[in-house]
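**Student:** Numbering (my numbering), first residue to last: 4 to 216. C-beta: ideal position from N, C-alpha, C; glycine also. Here the structure is a predicted model, which is why all the values come from computation and not from measurement.
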Amino acid sequence: MTTHSPGLFIAFEGGDGAGKSTQAALLAEALETLGHAVLRTREPGGTPIGEKLRSLVLDHGHGNIDARTEALMFAASRAAHANQVIRPALERGEVVITDRYIDSSVAYQGAGRDLGTHAVRTLNEWATAGLQPDLTVLLDVEPEDGRDRRTAGEAAEDRLESEPDQFHARIRDAFLDLATTHADSYLVLPANLEIEELAAKILDRVSELLERR
Ligand code: TYD
């Protein structure tokens, strides 16, 4: 189910170190220049309660968090985000660009933590009352590349990022499966293309969707 609202809902997905934030920012900038009202947001987070959940679930130092608790924390953050922020913005006719959405939970908790992709999707469809993106942009990154790109930056790895490469390989496979199953609403691009080339391809696809609205 897509949004069927006046706005357009775009999610960026991909492994850690794929460059989603850079591309989300470039897309937002390009659309604003074209005169669109854009809301750029992220998960976990996007609301005050979501940002608190973000630090609880991502920071080291809160002790062991079992997989089901982790999945529920991401889903709780997403419920607030979808219901309090994303849906109202779509109803106002804005373009919403989120850095991660449901498919991150399907890939990380469903496949990475082995909770089952079906169970995690069902939980999140309930949490968001069925709100789905019109387009998901998957920046596909190999786990080793992702690690190199992350560790080249200044920031320390969070609780999920610091999992071993096999964990990230399961996540990558899950994202590629999702893209195959939902081919009409996915744009898959190799994360190692030049930044400008990626940005142009993403803008092309989003412009088509905006014209059809
Ligand atoms: P992200 O915000 O992309 O990381 P960064 O701080 O580098 O911008 O995502 C934070 C981490 O949370 C990332 O490792 C993926 C993980 N995650 C899940 O495991 N499940 C989810 O549902 C979401 C949204 C993120």
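In angstroms with no decimal places, state the Cα-to-Cα distance between Asp-161 and Ala-27.
**Tutor:** 20 angstroms
**Student:** Go ahead and label Asp-102 buried or exposed: buried means 16 or more other beta carbons lie within 10 angstroms of its beta carbon, across all protein chains shown.
**Tutor:** Buried, since its Cβ has 16 or more Cβ neighbours within 10 Å.
**Student:** Mind checking Pro-136: buried by the 16 CB within 10 Å criterion, or exposed?
**Tutor:** buried
**Student:** Apply the 10 Å Cβ neighbour rule to Asn-127 and answer buried if 16 or more other Cβ atoms are within range, or exposed otherwise.
**Tutor:** buried
**Student:** Closest to Tyr-104 by CA distance: which of Phe-12, Arg-116 and Arg-95 is it?
**Tutor:** Phe-12
**Student:** Find the nearest neighbour of Glu-199 within the set Asp-19, Leu-30 and Glu-16, judged by alpha-carbon distance.
**Tutor:** Leu-30
**Student:** Just checking Glu-164 against ligand 1 - is the residue's beta carbon closer than 7 angstroms to any of the ligand's heavy atoms?
**Tutor:** yes
**Student:** Under 7 angstroms: does the beta carbon of Ser-58 sit that close to some heavy atom of ligand 2?
**Tutor:** For ligand 2, the structure offers nothing, since it holds only ligand 1.
**Student:** Would you check if the segment 33-51 and the segment 83-91 touch, i.e. whether three or more CB-CB distances between them fall below 8 angstroms?
**Tutor:** Contact between the segment 83-91 and the segment 33-51 is present: 3 or more CB-CB pairs across the two stretches fall below 8 angstroms.
**Student:** Which first and last residues belong to the alpha helix (DSSP H) in which Ala-82 is found?
**Tutor:** DSSP places Ala-82 in the uninterrupted alpha helix (DSSP H) bounded by 70-83.
**Student:** Tell me whether Phe-77 counts as near ligand 1, meaning its Cβ is closer than 7 angstroms to at least one heavy atom of that ligand.
**Tutor:** yes
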